[in-house]
Amino acid sequence: MDQPKTEGRSRASSLLEGKEPEAVDPEVAAVKQLLRLLDKTSKSYRTYGPHNPVAQKFFDQLYRGLESHLAIYHLLGFVIQRSELYFKDQSVYQPEAEGTSENFAFKLYADGIRELVIYAGVSREDLAFFLGALWGGTGRDGEEDDDDIVTRLWAKNLATITIVTAEEIAKVAGSLDILSPQNAGAMSAPPGRLREIIDQETSRLSKGQGGAGGAGASQRARFQSGLAGFETTEAEMTALQAEITAESRRDSVVYLIEVLSAIFVSEPSEPVLSRCLDVFGQVVRSLLEQGNWTVVNTVLGFLYESEGMRSGLTEAQQARIAQIFSDLGSPEQLKLIETCLNRSAEVGTVDLLPVLLQLKPAAVPGLCGLLANLQFAAHQAVVSDALITLAKETPEPILRGLTDRRPAYVRHLLSILHRWNDPRHVEPVEKIVRYPDPQVRKEVIRLLGHLRPNGSGVKFVGLVGDQDETVRMAALKLLNDGHYTVPFSAWAPLLSAEPFADRSPAEKRAVFQAVRQTSGDEAVPYWQGLLTDWSWTNRKKKEDLALLAAEALGKLATPAALQALELGQAKGGGSVRQACSNALILAAKQQKAKSASMG
Numbered sequence: 002m003d004q005p006k007t008e009g010r011s012r013a014s015s016l017l018e019g020k021e022p023e024a025v026d027p028e029v030a031a032v033k034q035l036l037r038l039l040d041k042t043s044k045s046y047r048t049y050g051p052h053n054p055v056a057q058k059f060f061d062q063l064y065r066g067l068e069s070h071l072a073i074y075h076l077l078g079f080v081i082q083r084s085e086l087y088f089k090d091q092s093v094y095q096p097e098a099e100g101t102s103e104n105f106a107f108k109l110y111a112d113g114i115r116e117l118v119i120y121a122g123v124s125r126e127d128l129a130f131f132l133g134a135l136w137g138g139t140g141r142d143g144e145e146d147d148d149d150i151v152t153r154l155w156a157k158n159l160a161t162i163t164i165v166t167a168e169e170i171a172k173v174a175g176s177l178d179i180l181s182p183q184n185a186g187a188m189s190a191p192p193g194r195l196r197e198i199i200d201q202e203t204s205r206l207s208k209g210q211g212g213a214g215g216a217g218a219s220q221r222a223r224f225q226s227g228l229a230g231f232e233t234t235e236a237e238m239t240a241l242q243a244e245i246t247a248e249s250r251r252d253s254v255v256y257l258i259e260v261l262s263a264i265f266v267s268e269p270s271e272p273v274l275s276r277c278l279d280v281f282g283q284v285v286r287s288l289l290e291q292g293n294w295t296v297v298n299t300v301l302g303f304l305y306e307s308e309g310m311r312s313g314l315t316e317a318q319q320a321r322i323a324q325i326f327s328d329l330g331s332p333e334q335l336k337l338i339e340t341c342l343n344r345s346a347e348v349g350t351v352d353l354l355p356v357l358l359q360l361k362p363a364a365v366p367g368l369c370g371l372l373a374n375l376q377f378a379a380h381q382a383v384v385s386d387a388l389i390t391l392a393k394e395t396p397e398p399i400l401r402g403l404t405d406r407r408p409a410y411v412r413h414l415l416s417i418l419h420r421w422n423d424p425r426h427v428e429p430v431e432k433i434v435r436y437p438d439p440q441v442r443k444e445v446i447r448l449l450g451h452l453r454p455n456g457s458g459v460k461f462v463g464l465v466g467d468q469d470e471t472v473r474m475a476a477l478k479l480l481n482d483g484h485y486t487v488p489f490s491a492w493a494p495l496l497s498a499e500p501f502a503d504r505s506p507a508e509k510r511a512v513f514q515a516v517r518q519t520s521g522d523e524a525v526p527y528w529q530g531l532l533t534d535w536s537w538t539n540r541k542k543k544e545d546l547a548l549l550a551a552e553a554l555g556k557l558a559t560p561a562a563l564q565a566l567e568l569g570q571a572k573g574g575g576s577v578r579q580a581c582s583n584a585l586i587l588a589a590k591q592q593k594a595k596s597a598s599m600g
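The structure is reproduced here in structure tokens:
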């Protein structure tokens with residue numbers, strides 16, 4: 002093979018490998034930019050239609066860029082080879098390399114176009130017609146136009162956009178072999194214009210290369226049918242199979258939503274648009290049933306911004322969009338969510354909260370029912386978070402739910418009230434201090450301490466006598482903070498009951514400390530009686546109480562408390578007298594330290 006062809010093949014290989022030439026031609030760079038704009042405009046035309054604002058925006062950018070380019074270079078011509086466009090011997094359009102989703106080069110090639118030239122002075126109308134012809138459109142009668150690109154362009158006979166077809170090349174060259182450039186080698190080095198191909202083929206045939214014989218006749222017979230023939234390389238077949246595989250794996254739901262969105266934005270027919278909104282509602286229902294919260298959120302976001310994307314919606318259409326949001330809180334759709342979440346603990350909750358936050362306040366009772374019926378903690382936590390926001394202004398369903406017999410549900414409601422921190426909710430919470438479940442009773446104590454951190458502690462005294470030790474200790478911890486007051490008469494029934502003496506020393510000490518913190522000197526007569534009481538029955542238990550009483554009086558250290566200790570020191574038993582003496586010494590040290598700090 003001669004040297005020019007070898008050099009052409011090297012340049013083509015360099016282009017296929019994605020290598021940039023050492024010097025960048027500004028005209029080539031400008032052409033590539035125009036082709037990127039053409040790609041975007043073509044895609045928007047196909048997706049949204051020519052009258053959509055997005056498509057119009059891309060079209061304006063394309064026309065301005067093309068007008069500026071032609072003002073400098075006067076014409077723009079391309080050689081079309083398979084799925085690529087060549088300009089000045091360089092491949093300037095490679096969809097598979099640039100990751101674009103459209104391939105208008107292949108579309109032109111498939112319809113028999115081998116060269117395209119756009120001249121200076123092209124109008125907006127001519128360019129718009131070319132784009133419409135490229136991807137098809139409607140005829141004059143409003144019916145679908147099935148003609149190919151060549152037929153459409155010839156019918157219009159544009160003065161500023163011209164094409165050269167494969168049929169024209171075949172007639173001029175006298176041979177159809179050039180339609181298979183991969184075998185003939187003529188397209189190895191893409192020429193600047195197809196006229197050069199014709200010259201090359203004419204020259205070759207004139208040298209007597211008539212050996213095409215039967216093969217040439219066979220090819221001529223094959224192409225005289227009017228059908229375009231293509232030869233594909235193994236790499237191209239592999240790429241095509243990969244595209245088909247990727248398309249088959251595409252999420253059909255996402256694809257449907259993309260189609261619906263395009264229809265919604267561009268569809269001029271009111272009945273079709275209304276039907277589109279009905280399908281949107283059915284899609285949302287199906288997605289809720291599947292637990293596809295992310296896509297639900299995407300659809301709702303699209304509908305929420307619908308007025309900004311499409312003006313002129315009728316009142317009925319606006320009402321239909323509002324109904325889709327309202328239906329989210331309907332018993333039927335909440336039941337779909339419940340069924341989906343209860344299938345397994347592995348059901349994801351990503352983007353579920355944003356979906357629930359789209360509910361209206363009227364849906365709060367239904368959302369409470371959803372929380373009550375869920376089986377898994379992770380799902381319950383998400384619904385609880387939604388109620389924290391949605392039910393704050395209408396807390397009645399939350400407060401009514403406190404009497405429910407399901408402890409887990411009630412605990413979630415108490416956590417919601419804790420987050421709100423509204424003192425007005427104290428009364429409903431106090432009504433369930435005797436709830437059957439001990440965990441709920443503990444949560445009630447903590448919540449009441451949070452909502453009302455001081456004042457009367459009488460309500461908590463009853464819980465100090467609870468059957469569950471953890472509940473008793475929670476109540477004592479709250480009373481020992483020193484922020485509550487309790488008359489000793491409220492403590493008396495608990496302290497005088499026989500089971501109290503059977504409690505552990507640590508718990509009895511904690512009770513006496515709570516009595517000291519909440520009742521003060523009112524408890525002194527009770528403790529003094531323990532110091533001086535002589536009894537032959539239950540002597541050990543009463544002696545233990547007396548020792549704890551001496552300790553409590555020493556820490557109280559008021560005049561009445563000190564007087565009671567002195568009496569116990571004089572009239573108590575041996576161990577009691579020793580305990581009273583130690584308590585007096587401790588009280589004296591406390592008084593001295595207090596005086597020193599005040600001085």
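First residue of the sequence shown: 2, per my numbering; consecutive thereafter. Where is the CB? At the ideal position from N, CA and C, for every residue including glycine.
The shortest C-alpha to C-alpha distance from Leu554 to any of Asp352, Lys542, Asn539 and Gln570 is the one to Gln570. A contact is defined here as three or more CB-CB pairs under 8 Å, and the region 540-547 meets this definition with respect to the region 492-510. Taken through DSSP and simplified to helix, strand or coil, Leu77 comes out as strand. In the pairwise beta carbon analysis, the region 527-535 is classified as touching the region 562-580: at least three pairs are separated by under 8 Å.
Collapsing the DSSP output to three states places Ile417 in a helix. Looking at the DSSP output, Phe88 bridges to Gln91. DSSP assignment within the region 381-453 yields the following whole alpha helix (DSSP H) runs of 4 residues or more, N-terminal first: 397-401, 408-421, 427-431 and 439-452.
Counting only the Cα atoms, Val462 lies some 22 Å from Ala547. In the three-state reduction of the DSSP assignment, Glu168 falls in the helix class, which pools H, G and I. Proximity to Ala409 across Ala382, Asn422, Glu394 and Tyr256 peaks at Ala382, based on C-alpha coordinates. Taking all protein chains shown into account, Val365 has 16 or more neighbouring C-beta atoms within 10 Å of its C-beta and is therefore buried. Take Arg517, set aside five residues on each side of it, and the residues of its chain with a beta-carbon closer than 7 Å to its own are Ala524, Ala553, Lys556 and Leu557, in chain order. If you draw a straight line from the Cα of Ser327 to the Cα of Gly133, it comes to about 41 Å.
Phe88 and Val32 do touch by the CB rule: their CB atoms are close to 5 Å apart, below 8 Å. Comparing C-alpha distances from Asp438 to each of Leu403, Arg425, Leu329 and Glu428 shows the shortest one belongs to Leu403.
Per the DSSP secondary-structure output, Gln82 pairs in a beta bridge with Glu85.
Around the C-beta of Gln592, fewer than 16 other C-beta atoms lie within 10 Å, and the residue is accordingly described as exposed.
As computed with DSSP, Val577 is found in no beta bridge at all. Comparing C-alpha distances from Ile325 to each of Leu314, Gln283, Asn293 and Cys341 shows the shortest one belongs to Gln283. Rounded to whole angstroms, the separation of the alpha carbons of Leu261 and Trp155 is 35 Å. Between Val430 and Val445 the beta-carbon gap is near 6 Å, inside 8 Å, which marks them as a contact. Rounded to whole angstroms, the gap between the alpha carbons of Glu237 and Leu368 is 55 Å.
As for any beta strand (DSSP E) of minimum length 3 sitting wholly inside the region 312-391, there is none. Separation of the CB atoms of Leu414 and Gly450 is rounded to 17 Å, and the pair is thereby denied contact status at 8 Å. Secondary structure at Arg250: coil, using DSSP grouped into helix, strand and coil.
Within the region 495-520, the complete alpha helix (DSSP H) segments at least 4 residues long are 506-520, listed from N- to C-terminus. Under a 10 Å Cβ-count criterion, Lys443 is classified as buried, with 16 or more other Cβ atoms of the shown protein chains found around its own Cβ. In this structure, DSSP gives Gly302 a helical state, which the three-state scheme calls helix.
Secondary structure at Gly569: helix, using DSSP grouped into helix, strand and coil. DSSP, read as helix, strand or coil, puts Glu268 in coil. In the DSSP assignment, Val462 falls within the unbroken alpha helix (DSSP H) covering Val459 to Val465.
A check of alpha carbon separations from Gln334 across Glu508, Asn53 and Leu360 identifies Leu360 as the nearest. From the listed residues Tyr110, Ile73 and Leu71, the smallest Cα separation to Glu168 is found for Tyr110. For Leu548, the enclosing alpha helix (DSSP H) covers residues Arg540 to Leu557. Contact between Leu39 and Leu63 holds: CB atoms are separated by about 6 Å, below the 8 Å threshold. Separation of the CB atoms of Glu339 and Asn374 is rounded to 5 Å, and the pair is thereby assigned contact status at 8 Å.
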